[in-house]
């Protein structure tokens, strides 16, 4: 995957944002691509899914590894969780 291309979220087609990976993570990258669209269906339906399956108030955002192309959820506990780590170009 080209790290310079800004991918679009496969769930909402909105451009994803660079998110600074925590220093103690095991992802092994400086950043991950994250969908921060608060209206993304993946994020919106995640609130109900997590409440039904885990009994906690949380959701997830779509995450994409820029080096490997693998994707998965980034757990969030509020709408603003992790937004402080967005890397503005």
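In my numbering, the protein residues as written are 784 to 872. Where is the CB? At the ideal position from N, CA and C, for every residue including glycine.
Per DSSP, reduced to three states, the secondary structure at residue 790 is coil, with no helix or strand assignment. Straight through space, the alpha carbons of residue 840 and residue 801 are spaced by roughly 25 angstroms. For residue 792, the CB contacts under 7 angstroms within the same chain, skipping 5 residues up- and downstream, are 799, 818, 820, 823 and 845 in chain order. A buried status is given to residue 815, since no fewer than 16 other beta-carbon atoms sit within 10 Å of its beta-carbon. In the DSSP assignment, residue 845 falls outside any alpha helix (DSSP H) and lies within the beta strand (DSSP E) extending over 842-847.
Under a 10 Å Cβ-count criterion, residue 805 is classified as exposed, with fewer than 16 other Cβ atoms of the shown protein chains found around its own Cβ.
Counting only runs that start and end inside the segment 806-863, the beta strand (DSSP E) elements of at least 3 residues fall at 814-817, 842-847 and 854-859. Note on residue 869: under 16 other CB atoms within 10 angstroms of its CB, so exposed under the neighbour-count rule.
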